[in-house]
Amino acid sequence: MSGPRLQRVADQDRRLIEITVDGWAMSAMEGDTLLVAILAQRSYLREASGEPQGEMPAAGFCLMGACQDCWVWHEDGRRVRACTTYAEPGMRIRTTWPDHLLAS
Ligand code: FES
1 MSGPRLQRVA DQDRRLIEIT VDGWAMSAME GDTLLVAILA QRSYLREASG
51 EPQGEMPAAG FCLMGACQDC WVWHEDGRRV RACTTYAEPG MRIRTTWPDH
101 LLAS
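Taking the numbering used here, I'd label the letters of the sequence shown as residues 1 to 104.
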């Protein structure tokens, strides 16, 4: 699947905001979680990257903050769950974090 995983079918008149994900500009709707914002534009949250994040692309699992399958990082290194964090204007998110930064 290469297109968006989620299709918006209702509630499409909320204000658009801009976020940056892995260096790419993306639009989100005010009130979107990061997971909804990202999956409304592409088929995965995080590409397959091997351990510890898994061999398959991830798109979240529980969608309610319980499974830990949707970790993403602010560019300052703070880790958040994409399914329980609201997109905010200007937010800069990484869906993977370089191994050399995880070790520090
Ligand atoms: S999808 Fe399960 S914690 Fe976010």
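Don't be surprised by glycine CBs; every beta carbon is placed ideally from N, CA and C.
| query | result |
| --- | --- |
| When you compare each of Gln7, Arg46 and Arg92 to Asp76 by their alpha carbons, which one comes out closest? | Arg92 |
| Just curious, the alpha helix (DSSP H) that Val36 is in, first and last residue? | Leu34 to Leu39 |
| To the nearest whole angstrom, what separates the beta carbons of Cys70 and Arg81, a pair I think is in contact under 8 Å? | 5 Å |
| Based on Cα-Cα distance, which residue from Gly3, Arg42, Thr84 and Cys62 lies nearest to Asp22? | Arg42 |
| Going by beta-carbon coordinates alone, are Ala66 and Ile19 separated by less than 8 Å? | no |
| Among Arg46, Phe61 and Asp13, whose alpha-carbon lies nearest the alpha-carbon of Gly31? | Asp13 |
| So who's on the other strand from Leu6, going by DSSP bridges? | Leu6 pairs with nothing; no bridge assigned. |
| Helix, strand or coil: how does DSSP classify Met56 here? | coil |
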